[in-house]
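Chemist: Take this structure first; my questions come after.
Next up, the structure:
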């Protein structure tokens, strides 16, 4: 039963009427949760007790409300003041805008209604929410109509994250999110989310969930450096933020009744119409980029200010950060399977990189942009710092991803990327050109210019992507690197690999080009060695994790003669 | 892992490949995949043909759309099931589970049972 992540009992109003419950068991399996429906409520509790391996119906909480470590912490969301404040603020702003625009009274009058009902609902919900921490479990009861009782074995807890937005900080509160190793619960649906506890209570809860033993001071691994702020604008967010600032200004003017369509824009056209259009457009683009860069810088500061990565005495890695919204996430060291150094293109050109943990229960690549990301080991920082932190986190002298000698991949990989660039250009240019033959020559010109631009850019990306491909083994780690827009170098402990997957398109069979993927229980759960010849990929897999694939390997039937001449030509020595 | 590879074996061969897993899918799976393909392809085509019959002015366009969906859809329904049947295989040993799935894109997975 060790694979069980959470056990829930769920009771809707009808079930409560009939004295029934549904038991939902989440396991590490990808098959989804198990549901046992329509159980007698008493039997359901026995089933839960049995599945969660706890003594049946033991009296919970021997020391009630004392803050003993294994005691039952007092229940509840101690706060709906936060919600009330935000709601009142929103209502005030709405009323102010309405007053400004002379809205009639019947538009103004209903504004407090949703506010009052939301507060009432939240208060009711709050009064029905309880959590407690026993020696074996973290338990949470929630729900007004549908009652849900969730218990998580403490041994399944993989990450504990504290978040506090400015409102929470004002009221000295924090949101606690507890994650289990279950992939679905890595970020968006944390197994348990307590919103909000008093800060001290939250810290105690985290300490008792994560820190099992060990005393002494935290050992600081990395600390925020103000010079890292220069990496803030080196992000694809910069141009996007610039455009959204423009949009937001327009919207605000519109809401306040200044009618930018008929006042501001004609005025601008009048004034700028006399100037050189080239100068105006260059200045406009520069202005947008400048605004975007300032926005990205602010974003960086807000997200990463005061970043600190420490190793707790028990071995857990704790990252804390944030200017207005503070976040702190703890990762138990035994869950760590490796480190990923990610270099988005602009950051890479500026000599910087992100550093992520590959760990059970930590968010994977899809969660990277998420604010509740427990896997960040370092914000965008100089690449050297990235390597240092990676080495220190893994208890190695050097970052395996830095010292490994990566084997370059076959030229087929380059040819494949060039083909893609060619097809993308042909597609993007061909459509307007084709329409142009019918509608007019302007589109034909647009088509060929577009195709040439995509081909030029695509060739650069193809070459860069090909050069970034590589794989290798150093010490206890296997390392793979790929990507151009975001280059990732992943160093994975060989012991953490539990399986291999080989993916091949039908038209790559003759060339034996394929993708070899290491499966782990952590992070994204899958790490690719892209576009490698099958023989080479399988030898790499076999060398990295000896024995796992052996029963399934064989030689080609035409061993000895290499029909396309690729295999022998590109089989490189791994040594 | 019970088995270990002899040392010279993998290191010298550039022609190493995965052998297919031992056991095929049930032959009835072919019919299942065919049904799935038809359930995906037929409804939009039938709806378009019906509309073409009901709305004479738009008939060429509707029939063209039906053909754009129907022709590749029919090819898919004919080609995919037997092809997929040739690819899908599985076996499980004492230590590992080994599967192969897909059709145009063939995915072989070997995973430790522990």
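Chains as they are written, first to last, in the working numbering: chain P, 1 to 575; chain B, 1 to 114. For every residue, glycine included, the Cβ atom is placed at its ideal position computed from N, Cα and C. Source: prediction; values computed, not measured.
In chain B, which residues lie less than 7 Å from residue 552 (chain P) when you measure between Cβ atoms?
Modeler: Those are 18, 19, 98, 110, listed as they occur along chain B.
Chemist: Looking only at its chain, what residues have a beta carbon closer than 7 Å to the beta carbon of residue 352 (chain P), apart from the 5 residues adjacent to it on each side?
Modeler: Only 231, 234, 380, 381, 382, 383 meet the Cβ criterion.
Chemist: The stretch 79-106 of chain B: which residues have C-beta closer than 7 Å to a C-beta of chain P, in chain order?
Modeler: From the stretch 79-106 of chain B, only 93, 96, 98, 104, 105, 106 have a Cβ closer than 7 Å to chain P.
Chemist: For the structure I just gave you, are there three or more beta carbon pairs, one from the stretch 329-348 of chain P and one from the stretch 487-503 of chain P, closer than 8 Å?
Modeler: Verdict: yes, contact present.
Chemist: With three or more C-beta pairs closer than 8 Å as the rule, is the stretch 453-472 of chain P touching the stretch 310-327 of chain P?
Modeler: Because the criterion of three Cβ pairs below 8 Å is not met, the stretch 310-327 of chain P and the stretch 453-472 of chain P do not touch.
Chemist: Using Cβ-Cβ distances below 8 Å, what residues of the stretch 488-506 of chain P are close to chain B?
Modeler: Going along the stretch 488-506 of chain P in chain order, one finds 498, 499, 500, 501, 502, 503, 504, 505, 506 with a Cβ nearer than 8 Å to chain B.
Chemist: I'd like to know whether the C-beta atoms of residue 178 (chain P) and residue 157 (chain P) end up nearer to each other than 9 Å.
Modeler: In contact: residue 178 (chain P) and residue 157 (chain P) (Cβ atoms closer than 9 Å).
Chemist: Please report how far the alpha carbon of residue 205 (chain P) lies from the alpha carbon of residue 151 (chain P), in whole angstroms.
Modeler: If I take the Cα positions, the gap works out to 15 Å.
Chemist: Which residues share a DSSP beta bridge with residue 270 (chain P)?
Modeler: For residue 270 (chain P), which the question treats as bridged, DSSP gives no partner whatsoever.
Chemist: Given this structure, state the Cα-to-Cα distance separating residue 534 (chain P) from residue 28 (chain B), to the nearest angstrom.
Modeler: Answer to the nearest angstrom: the Cα atoms are 32 Å apart.
Chemist: Could you spell out where the alpha helix (DSSP H) holding residue 577 (chain P) opens and where it closes?
Modeler: Residue 577 (chain P) lies beyond the stretch modelled for chain P, which goes from 1 to 575, so this question has no answer here.
Chemist: For the candidate residues P:208, P:293, P:250, P:124, whose alpha-carbon lies nearest to that of residue 138 (chain P)?
Modeler: Out of P:208, P:293, P:250, P:124, P:208 has the C-alpha closest to the C-alpha of residue 138 (chain P).
Chemist: Starting from residue 147 (chain B) and walking both ways along the alpha helix (DSSP H), at which residues does that stretch end?
Modeler: The shown model of chain B, from 1 to 114, leaves out residue 147 (chain B), and the question about it has no answer.
Chemist: Just by C-beta distance, which residues in the stretch 17-42 of chain B are closer than 7 Å to chain P?
Modeler: Listed by position, the residues of the stretch 17-42 of chain B near chain P (Cβ gap below 7 Å) are 17, 18, 19.
Chemist: Counting beta carbon pairs with one atom in the stretch 104-111 of chain B and one in the stretch 48-61 of chain B, are three or more of them shorter than 8 Å?
Modeler: No, because fewer than three Cβ pairs between the stretch 48-61 of chain B and the stretch 104-111 of chain B fall closer than 8 Å, the two stretches do not touch.
Chemist: Buried or exposed: which applies to residue 579 (chain P), given that a residue is buried once 16 or more other Cβ atoms fall within 10 Å of its Cβ?
Modeler: Nothing in the structure corresponds to residue 579 (chain P), since chain P is present only between 1 and 575.
Chemist: Using C-beta distances below 6 Å, list every residue in its chain close to residue 344 (chain P), excluding the 5 sequence neighbours before and after it, in chain order.
Modeler: 486.
Chemist: Alpha carbon to alpha carbon, how far is residue 25 (chain B) from residue 445 (chain P)? Give it in angstroms, no decimals.
Modeler: Each residue's Cα considered, the two are about 53 Å apart.
Chemist: When Cβ atoms are compared, which residues of the stretch 262-286 of chain P fall closer than 9 Å to chain B?
Modeler: For the stretch 262-286 of chain P, which is checked against every Cβ of chain B, not one residue is closer than 9 Å.
Chemist: Give a yes or no on whether the C-beta atoms belonging to residue 489 (chain P) and residue 480 (chain P) are separated by under 9 Å.
Modeler: It is a contact, given that the beta carbons lie within the stated cut-off.
Chemist: What are the residues that DSSP puts in a beta bridge with residue 486 (chain P)?
Modeler: DSSP, once it has assigned bridges, lists P:344 as partnering residue 486 (chain P).
Chemist: 9 Å is my cut-off, CB to CB: does residue 542 (chain P) come that close to chain B?
Modeler: Yes - at least one Cβ of chain B is within 9 Å of the one on residue 542 (chain P).
Chemist: Measure from the alpha carbon of residue 484 (chain P) to the alpha carbon of each residue in P:145, P:458, P:159, P:325, then state which is nearest.
Modeler: Cα-wise, what sits closest to residue 484 (chain P) is P:458.
Chemist: In chain B, which residues lie less than 8 Å from residue 519 (chain P) when you measure between Cβ atoms?
Modeler: Under the 8 Å cutoff, chain B gives 109, 111.
Chemist: Just verifying my parser: in three-state terms, what is the DSSP assignment at residue 240 (chain P)?
Modeler: Of the three classes helix, strand and coil, the one that applies to residue 240 (chain P) here is helix, per DSSP.
Chemist: Strictly under 9 Å for the Cβ-Cβ distance: is residue 555 (chain P) near chain B by that measure?
Modeler: It does; some Cβ of chain B falls within 9 Å.
Chemist: 9 Å is my cut-off, CB to CB: does residue 539 (chain P) come that close to chain B?
Modeler: By this cut-off, residue 539 (chain P) is an interface position.
Chemist: Within the 9 Å Cβ cut-off, does residue 26 (chain P) reach chain D?
Modeler: This model lacks chain D altogether; the protein chains it does include are P and B.
Chemist: Tell me, please, whether the CB atom of residue 430 (chain P) is closer than 9 Å to any CB atom in chain B?
Modeler: Output row for residue 430 (chain P): interface = no.
Chemist: For residue 468 (chain P), report the span of its alpha helix (DSSP H) as first-last.
Modeler: Unbroken alpha helix (DSSP H) run through residue 468 (chain P): 441-468.
Chemist: Examine chain B for any beta-carbon lying closer than 9 Å to the beta-carbon of residue 249 (chain P), and answer yes or no.
Modeler: Not one chain B Cβ lies under 9 Å of residue 249 (chain P).
Chemist: Mind listing the chain B neighbours of residue 549 (chain P)? Cutoff is C-beta to C-beta under 7 Å, in chain order.
Modeler: The contacting residues are 110.
Chemist: Below 7 Å CB to CB, which residues in the same chain sit around residue 44 (chain B) once its five sequence neighbours on both sides are set aside?
Modeler: These residues qualify, in order along the chain: 69.
Chemist: Where residue 192 (chain P) and residue 140 (chain P) are concerned, what is the direct C-alpha to C-alpha distance, given to the nearest angstrom?
Modeler: Rounded to the nearest angstrom, the two C-alpha atoms are 7 Å apart.
Chemist: Helix, strand or coil for residue 129 (chain P)? Go by DSSP, reduced to three states.
Modeler: Reduced to three states, the DSSP call for residue 129 (chain P) is coil.
Chemist: Note the first and the last residue of the continuous beta strand (DSSP E) segment covering residue 135 (chain P).
Modeler: Where residue 135 (chain P) is concerned, there is no enclosing beta strand (DSSP E), given that its DSSP letter is neither H nor E.
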